[in-house]
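Here is the structure we will look at.
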Amino acid sequence: MIKEKHVQCLIIGSGASAFNAADCLHQAGLRNLALISEDIYNGTSRNAGSDKQTYYKLSLAGDEGDSPGKMAADLFSGAAVDGDHALIEAAESARCFYKLLAYGVPFPSNRWGEIVGYQTDHDQTRRAVSAGPYTSKMMTECLQREVEAKGIPIFDRFYVFHVLTENNKVRGVLTLDTEDEQKPELCLFKADFVIFATGGEAGIYQDSVYPEGQNGANGILFEAGARGKNLSEWQYGIASVKFRWNLSGSYQQVLPRYISLNPDGTEPREFLEAHYEDKSKLLEHIFLKGYQWPFDAEKKDGSSRIDILVHEERQKGRRVYLDYRENPSSLKDFKSLPALCRHYLEESSALFGTPLDRLRTMNPEAYSLYLTHGIDLRSEALEIAVCAQHNNGGIAVDSNWETAVKNLFVIGEAAGTHGVKRPGGSALNAGQVGGLRAALAVAGRAAEYSAGPISPALGRQIEKQEALLRQLLQNTGTPNVRAHKEALQKRMTRYGGHLRLEEGLKQLLKEAGAQQDKLEDQVLKDPSELKEALQNFERIRAQIVYGEAMLDYIQRGGKSRGSFLLLDGEGRNDFSDCVQEISQEAEGFRISWRKVRPIPERDLWFERVWADYKKRNQRRFSEERRQRE
68 MIKEKHVQCL IIGSGASAFN AADCLHQAGL RNLALISEDI YNGTSRNAGS
118 DKQTYYKLSL AGDEGDSPGK MAADLFSGAA VDGDHALIEA AESARCFYKL
168 LAYGVPFPSN RWGEIVGYQT DHDQTRRAVS AGPYTSKMMT ECLQREVEAK
218 GIPIFDRFYV FHVLTENNKV RGVLTLDTED EQKPELCLFK ADFVIFATGG
268 EAGIYQDSVY PEGQNGANGI LFEAGARGKN LSEWQYGIAS VKFRWNLSGS
318 YQQVLPRYIS LNPDGTEPRE FLEAHYEDKS KLLEHIFLKG YQWPFDAEKK
368 DGSSRIDILV HEERQKGRRV YLDYRENPSS LKDFKSLPAL CRHYLEESSA
418 LFGTPLDRLR TMNPEAYSLY LTHGIDLRSE ALEIAVCAQH NNGGIAVDSN
468 WETAVKNLFV IGEAAGTHGV KRPGGSALNA GQVGGLRAAL AVAGRAAEYS
518 AGPISPALGR QIEKQEALLR QLLQNTGTPN VRAHKEALQK RMTRYGGHLR
568 LEEGLKQLLK EAGAQQDKLE DQVLKDPSEL KEALQNFERI RAQIVYGEAM
618 LDYIQRGGKS RGSFLLLDGE GRNDFSDCVQ EISQEAEGFR ISWRKVRPIP
668 ERDLWFERVW ADYKKRNQRR FSEERRQRE
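Below, the structure is given as structure tokens:
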């Protein structure tokens with residue numbers, strides 16, 4: 068028998084965006100809410116980082132002038148960005164940041180209380196700040212404590228695999244309770260509002276820096292009627308694969324040695340050397356990977372040449388490593404270093420020794436991080452790949468982060484509010500701002516809704532999903548759930564990564580379509596694989612939608628841009644002032660292009676703003692007046 072629960076608002080996710088949305092809803096007065104998590108201790112927010120994980124917000128120190136308008140203009144300049152999202156993320160950034168500070172995230176300040184920042188990539192001022200390698204983890208933990216302290220229910224180990232809709236309005240979700248992996252149970256959550264904070268579509272790539280447990284849920288959102296936006300836009304960069312971690316910043320600035328080996332560990336060689344006549348330029352490019360970590364098509368002849376050469380070496384069947392135990396053979400002496408490298412290392416008191424010596428001097432935490440994960444850089448090299456790291460596109464949302472499906476909201480990386488390029492750290496801010504906006508929108512409308520009984524149409528949706536579960540559990544033969552997962556992930560890395568071809572994307576769609584037709588016949592080794600079998604449906608659906616969007620961009624004459632390079636010639640249009648949207652329909656896919664929404668004109672006269680604010684929050688002010696009387 069299906070279990071059933073009912074709440075007004077359901078938040079799905081386990082990261083900083085999800086916990087913030089729940090906290091904001093509680094602060095706004097909503098009490099009938101709950102949070103669902105596939106695994107509360109999994110996900111990107113809690114398990115991802117870098118040598119100095121960045122949070123991007125309005126500048127709060129120094130004498131340089133900053134404003135929401137200036138920050139919005141910088142976000143908007145990233146291309147294919149809607150101006151309302153840029154302005155909202157800028158305007159609400161300080162509010163969200165100070166909340167995190169109040170909740171205990173240790174962002175540093177000087178002795179006078181200024182939040183001193185630094186300049187990050189695609190940034191025109193010093194808005195970036197960091198709490199260290201685990202900034203997002205600290206954010207998640209602090210917000211989780213607040214949610215738990217407020218008594219907001221958390222349903223852990225529930226996997227959401229289907230969104231229930233009726234008349235283009237969300238009615239709830241179907242989940243799999245996996246507390247007992249051998250006896251997964253179907254559970255229905257009825258809800259008037261649903262907020263998805265499920266992260267980027269990580270499960271479709273093989274070479275990925277996302278944590279192993281991060282999958283994404285955009286596939287089921289497409290199925291529910293949500294539109295995709297700018298799905299071709301991703302970020303990729305060099306990362307370790309044994310322990311998944313971005314190798315940016317000091318990991319590159321200490322000038323490690325790039326080597327490759329045969330799969331059996333034989334024939335080590337410094338493969339970059341053969342591609343650079345100017346060895347000084349090679350060292351400069353390695354160094355610059357610290358600042359210019361994501362692959363950038365515009366830097367294909369600069370620092371991003373390293374990414375291309377790493378990828379090509381792996382395509383030859385060789386394994387690629389960063390070795391910190393020896394200097395690159397190009398580094399004959401420190402006097403011959405390019406001036407930029409020499410100055411940086413000298414100012415960092417690290418102009419000596421091996422790459423590991425320099426790393427332990429400049430950033431000892433970067434060394435100890437790997438040590439805590441069982442990797443000693445003194446005795447082994449780091450295997451690396453060019454990995455998917457962030458989806459700059461995602462689900463199309465409005466200024467309240469609501470999708471095309473009424474009362475269905477998407478926040479965090481799952482939402483497509485970023486454009487082609489974004490300032491480093493802006494994703495953490497966007498996740499917090501999106502959670503705030505969605506919560507305020509829900510709280511303002513919550514009194515208008517009350518979930519009714521299950522209609523015949525909803526009943527048929529549920530019955531269809533129940534039948535699929537029964538079929539999967541009854542299929543017999545050689546188990547192949549994991550094989551299906553690996554096949555689709557390899558395909559996406561090969562055809563839909565940072566190097567793309569039109570014919571390759573056509574092949575991706577051909578293979579993915581054929582695989583999709585076979586998924587109902589997946590064979591499980593036992594019931595514990597039911598969740599992964601359902602995830603394969605989500606992954607393949609997402610892969611097809613993303614592939615269609617990528618192919619459409621090329622066929623319309625799009626150029627290499629952002630973090631992908633087109634290998635079969637340059638197009639004519641970079642579509643910098645346009646947004647691509649895609650929806651799944653009965654007859655196939657509907658793809659449209661529109662101009663970006665400009666940065667809104669806004670009223671800055673206080674008395675008019677105050678009057679409008681009271682009007683928009685009339686219910687709140689009426690309640691306060693009633694309580695006073």
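When you read off a place in the sequence shown, starting at 1, and then add 67, the result is the number in our numbering. Just so it is clear, CB atoms sit at the ideal spot from N, CA and C, and this is done for glycine as well. On a predicted model such as this, the values are computed, not experimentally measured, just so you know.
Residues bridged to residue i (per DSSP)
i, result
"residue 628", "631"
"residue 740", "A query on residue 740 cannot be resolved here, the shown segment of the chain reaching from 68 to 696 and no further."
"residue 651", "656"
"residue 91", "According to DSSP, residue 91 bridges with nothing at all."
"residue 242", "227 and 254"
"residue 313", "306"
"residue 672", "Residue 672 pairs with nothing; no bridge assigned."
"residue 390", "324"
"residue 457", "302"
"residue 450", "388"
"residue 262", "78 and 476"
"residue 232", "237"
Cα-Cα separation, residue i to residue j
i, j, result
"residue 669", "residue 569", "42 Å"
"residue 255", "residue 71", "5 Å"
"residue 434", "residue 279", "22 Å"
"residue 540", "residue 592", "9 Å"
"residue 235", "residue 196", "41 Å"
"residue 143", "residue 282", "29 Å"
"residue 438", "residue 613", "37 Å"
"residue 293", "residue 472", "6 Å"
"residue 238", "residue 564", "35 Å"
"residue 140", "residue 126", "14 Å"
"residue 383", "residue 314", "22 Å"
"residue 427", "residue 317", "10 Å"
"residue 297", "residue 485", "9 Å"
"residue 306", "residue 385", "16 Å"
"residue 425", "residue 76", "51 Å"
"residue 322", "residue 394", "7 Å"
"residue 586", "residue 354", "45 Å"
"residue 203", "residue 494", "10 Å"
"residue 481", "residue 137", "26 Å"
"residue 671", "residue 498", "26 Å"
"residue 649", "residue 319", "38 Å"
"residue 162", "residue 352", "38 Å"
"residue 243", "residue 342", "51 Å"
"residue 500", "residue 453", "30 Å"
"residue 414", "residue 401", "14 Å"
"residue 167", "residue 263", "21 Å"
"residue 223", "residue 656", "34 Å"
"residue 475", "residue 124", "27 Å"
Where residue i falls, given that 16 or more other Cβ within 10 Å makes a residue buried
i, result
"residue 531", "exposed"
"residue 431", "exposed"
"residue 640", "exposed"
"residue 108", "exposed"
"residue 185", "exposed"
"residue 98", "exposed"
"residue 673", "exposed"
"residue 680", "exposed"
"residue 90", "buried"
"residue 630", "buried"
"residue 547", "buried"
"residue 422", "buried"
"residue 538", "exposed"
"residue 459", "buried"
"residue 179", "exposed"
Contacts around residue i, its chain only, beta-carbon distance under 7 Å, and the 5 residues preceding and following it disregarded
i, result
"residue 644", "662 and 663"
"residue 346", "397"
"residue 562", "571, 572, 574 and 575"
"residue 233", "522, 524 and 525"
Residues of its chain near residue i, where Cβ-Cβ distance is below 6 Å and the 5 sequence neighbours each way are ignored
i, result
"residue 601", "228"
"residue 324", "390, 393 and 395"
"residue 477", "263, 462, 464 and 470"
Cut-off 8 Å between Cβ atoms - residues of its own chain near residue i, not counting five sequence neighbours on either side
i, result
"residue 411", "320 and 354"
Open item on the list: Whether or not the stretch 199 to 212 and the stretch 84 to 93 are in contact is what I'm after, with contact meaning three or more pairs of Cβ atoms, one per stretch, closer than 8 Å; do they touch?
Closed with: yes
Open item on the list: Check whether the stretch 216 to 228 and the stretch 515 to 531 are in contact - that is, three or more C-beta pairs closer than 8 Å.
Closed with: Taking one beta carbon from each stretch, the stretch 216 to 228 and the stretch 515 to 531 have fewer than 3 pairs nearer than 8 Å; the two do not touch.
Task: Stretch pair the stretch 326 to 339 + the stretch 286 to 305: three plus CB contacts closer than 8 Å - done: Flag = no, the stretch 326 to 339 and the stretch 286 to 305 do not touch.
Task: Any 3 or more C-beta pairs closer than 8 Å across the stretch 611 to 631 and the stretch 113 to 120 - done: no
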